Amino acid sequence: MRCAAAARSLLPLPPAAAPIHTHTASPSLAAELAAADALHALLSTLPPSLPALLPCLSLLSPRLTPHTVSDALLWADLPAASRIRLFLFSALSPRLRSPLLHSRAVSVLLSGDPDAAMFDALADARAAGLPAPSAAFAALVTAHASAGRPQEAVDAFSRMGDFDCRPTAFIYNAVFKVLVDSGAILLALALYNRMVSAGCPPNRATYNVLMDGLCKRGMAGDALKMFDEMLERGIVPDVKIYTVLISSLCSAGRAEEAARLIGSMKEKGCPPDEVTYNAFLSGLCKAGRVDDAFERLELLREGGFALGLNGYSCLIDGLFQAGRFDEGFSYYKEMLEKNVKPDVVLYTIIIRGCAEAGRTEDAFSLLNVMKDKGFVPDTFCYNTLLKAFCDVGNLDKAQSLRSEMLQNNVALDSTTHNIMICGLCKKGLIDEAMQVFHEMGELGCHPTVMTYNALIDGLYRVGRLEDAQMLFYKMEMVNNPSLFLRLTLGANQVRDSESLRKLVDGMCESGQVLKAFKLVRGIINSGVVPDVVTYNTLLNGLCKAKNLDGALRLFKELQLKGISPDEITYGTLIDGLWGAHRENDAMILFQNILRGHGSPSLSIYNTMMRSLCRMKKLTQAINLWLDYLPKKYNLTPEDEVIANARNCFEVRSLDEAVKELIKIDQEYDSVSSNPYTIWLIGLCQQIHYRIHT
């Protein structure tokens, strides 16, 4: 054979020879084809062993090109082991390395067991006296990441030290992407610190990945700090970085900063593109500033900006979220008239708009129109319509739609099941809701905190208190990250998020990246933990069942677990304590809010005043309101108006006192009849009590 003859014509070098990386002029097509033939003959004749292949590859190297070696990785008639060894040899040559070589190597690795193939080849390279190229680990990390195996990707990165191989910025960036996509932004930041301390300078791609992860987690402030650090390092941001930041700032309610950032883009020679403007408009809409978004749009149009599909989608979505349905439908009509074709995302937005506007049948019809036009509704689209039917109590239509999803192989996610469970619980169909809950596990879908909250609330509503408590305990034992941490690290190592951050930082600094990843993913994958809504549901059920001691124990447990009670928590407990005639406990709890530098809400003050009035303690109720007013209007307790009102009450001039208070309300444009109604009822109760005693 001609290839075999070409291989025999190659003179082998001594086994210990290093690869030759001679820089030569670009060969002609004929010479490149001849080199490819020789390479094929070499790889098909000699065993997949670098000690055996190295002499001939070194001799052939000057005739090879990046294109030749990249194509060689696609030769399916050759063993994968031979192609991986060619990749390792080529990766050590700056002349032969290329992005195409990297992607082809990833494809070869994915055709079998990536770890077995690469680590066997690396051991072979070490036997041949070759260093391990960092590109080998870059390909391995990328292969595992693209196959959805984040832990294996981190493991590959962690083993670089075993081969005396230092990570490059390219590899760090690949691992950052894996960590960010896995929700382990904490670990990504810890690894970034290690990267910098190890003397590996971050590049623009580094900041792209990390800032995107921070913004998606709603950490706009941290993303801005990283942006400033990037500028200090002399790295010029690109449009993508600016766009991510602008969107995040708008979502955080910092639209003015986002607008200034757009202005600075122009000044720094990086003009915003359509995606940037759409992100800005979308961010304003999501922040509830729809009118601001339209004002900005008019200014942009004056500068020649034309609204495209994404722009229309975000504005229509913003209008619907603001409840301005007619305007949203009007823009949809305008878009169609301008021959801008809708996509699945926009159809889903319109379907949701129809549903929220009470036009459920129109929403269902639009789903059929969408399918007729060749669009395949996704899970989010179906969930939107499913929720619409459940909200109006049409569970038969909802069940039919869920069956359609299964028939069309559309994935049922946690949201799908939560919608059905909430709909069934609202109708009192708890057994059917529990059946859907059990089906979630069979379909490999994990319940969320919303799932448990809906079921616990539903069980309480039908009087199944013990079942609700059992479900709560199951939720805690199976899915509690705190329990996970105690079992894996010991009770004293991790107490809060700050100690967790320090622990992860320490692990990364000591090279235990894989252990840190398993820890963080263990917390993330440990699923749901009871949130304040769960506890409020339980507290409400216990209070209604007159089990106030159990409610107070649960309240203490909530605080010990680091969950902050909210207005509903305090209101439920205080109301329950008053209802059980435990006035002292209610007053102690109220005083605890004040001592903890909290500010009880208006509803809690109203609850306290109603309860005091029922106990014929009208004076205390009024004094409580006078204590609240300085907090409400940011006044001092000694303010003249407050002092006048208090004096009027003390001399029993109720009408004059009320006039003083109404004067305050009118001054601050906050007139409410609530306190006066409560006092009037209390006064009537007092008079009635005196007449009949």
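Per this note's numbering, the very first residue in the sequence shown carries number 315; after that it's consecutive. Here a beta-carbon is modelled for each residue, glycine too, at the ideal position from N, C-alpha and C. Predicted model only: the values in this text are computed from it and were never measured.
Buried versus exposed, by CB contacts within 10 Å (16 or more), residue i
{"i": "Thr991", "result": "exposed"}
{"i": "Gly577", "result": "exposed"}
{"i": "Ala805", "result": "Reliability of the predicted coordinates at Ala805 is poor, the pLDDT of 36 falling under 50, and no value is obtained from them."}
{"i": "Asn920", "result": "buried"}
{"i": "Arg418", "result": "buried"}
{"i": "Pro445", "result": "exposed"}
{"i": "His731", "result": "buried"}
{"i": "Asp810", "result": "Confidence at Asp810 is low in this model, with a pLDDT of 48, below 50, so its placement is unreliable and no value can be given for it."}
{"i": "Thr950", "result": "exposed"}
{"i": "Pro586", "result": "buried"}
{"i": "Ile976", "result": "exposed"}
{"i": "His458", "result": "buried"}
{"i": "Leu598", "result": "buried"}
{"i": "Cys690", "result": "Reading off the sequence shown, one finds Val at residue 690, where the question assumed Cys. Exposed, by the Cβ-count rule."}
{"i": "Ala344", "result": "exposed"}
{"i": "Thr662", "result": "buried"}
{"i": "Arg615", "result": "exposed"}
{"i": "Ala782", "result": "buried"}
Whole-Å CB distance - residue i paired with residue j, under 8 Å assumed
{"i": "Gly890", "j": "Ala865", "result": "6 Å"}
{"i": "Val654", "j": "Leu623", "result": "5 Å"}
{"i": "Val558", "j": "Cys529", "result": "5 Å"}
{"i": "Tyr849", "j": "Leu868", "result": "6 Å"}
{"i": "Leu269", "j": "Leu410", "result": "Residue 269 is absent from the structure shown; the chain starts at 315 and stops at 1007."}
{"i": "Ala569", "j": "Ala601", "result": "6 Å"}
{"i": "Val494", "j": "Ala470", "result": "Not a contact, Cβ separation roughly 17 Å."}
{"i": "Leu500", "j": "Phe490", "result": "Leu500 to Phe490, Cβ: 12 Å. No contact."}
{"i": "Ala348", "j": "Thr382", "result": "Incorrect: roughly 10 Å between the Cβ atoms, too far for contact."}
Collapsed DSSP secondary structure at residue i in the structure displayed
{"i": "Leu866", "result": "helix"}
{"i": "Pro989", "result": "helix"}
{"i": "Phe904", "result": "helix"}
{"i": "Pro376", "result": "helix"}
{"i": "Ala366", "result": "helix"}
{"i": "Ser428", "result": "According to the sequence displayed, residue 428 carries Pro and not Ser. Of the three classes helix, strand and coil, the one that applies to Pro428 here is helix, per DSSP."}
{"i": "Ala601", "result": "coil"}
{"i": "Asn624", "result": "helix"}
{"i": "Cys927", "result": "helix"}
{"i": "Asn732", "result": "helix"}
{"i": "Pro656", "result": "coil"}
{"i": "Asp899", "result": "helix"}
{"i": "Thr520", "result": "helix"}
{"i": "Ser878", "result": "coil"}
{"i": "Cys857", "result": "helix"}
{"i": "Met533", "result": "coil"}
{"i": "Cys514", "result": "coil"}
{"i": "Arg480", "result": "coil"}
{"i": "Lys973", "result": "helix"}
{"i": "His760", "result": "coil"}
{"i": "Asn708", "result": "coil"}
{"i": "Asp526", "result": "helix"}
{"i": "Leu994", "result": "helix"}
{"i": "Cys584", "result": "coil"}
{"i": "Gln934", "result": "helix"}
{"i": "Leu799", "result": "Because Leu799 sits at a pLDDT of 40, beneath the cut-off of 50, its placement in the model cannot be relied upon, and the point is left open."}
CB contact flag (residue i, residue j, <8 Å)
{"i": "Thr765", "j": "Ala725", "result": "no"}
{"i": "Pro365", "j": "Ser396", "result": "no"}
{"i": "Ser358", "j": "Leu392", "result": "yes"}
{"i": "Asn697", "j": "Thr729", "result": "yes"}
{"i": "Leu887", "j": "Leu903", "result": "yes"}
{"i": "Ala607", "j": "Ile560", "result": "no"}
{"i": "Pro380", "j": "Ser412", "result": "yes"}
{"i": "Ala566", "j": "Val604", "result": "no"}
{"i": "Lys452", "j": "Ala488", "result": "Before going further, note that residue 452 is Ala rather than Lys in the sequence given. In this structure, Ala488 lies closer than 8 Å to Ala452 by Cβ."}
{"i": "Pro879", "j": "Met923", "result": "no"}
{"i": "Ile918", "j": "Leu940", "result": "no"}
{"i": "Met748", "j": "Leu769", "result": "yes"}
{"i": "Cys628", "j": "Leu595", "result": "yes"}
{"i": "Leu1023", "j": "Ile733", "result": "This structure does not reach residue 1023, given that the chain is present from 315 up to 1007, and the question cannot be answered."}
{"i": "Phe786", "j": "Leu852", "result": "yes"}
{"i": "Val847", "j": "Asn767", "result": "yes"}
{"i": "Ala671", "j": "Phe639", "result": "yes"}
{"i": "His354", "j": "Trp389", "result": "yes"}
{"i": "Ser448", "j": "Pro481", "result": "yes"}
{"i": "Glu641", "j": "Leu633", "result": "yes"}
TODO: Assess, as a yes-or-no matter, whether the segment 422–436 is touched by the segment 403–412 under the definition of 3 or more beta carbon pairs within less than 8 Å.
DONE: no
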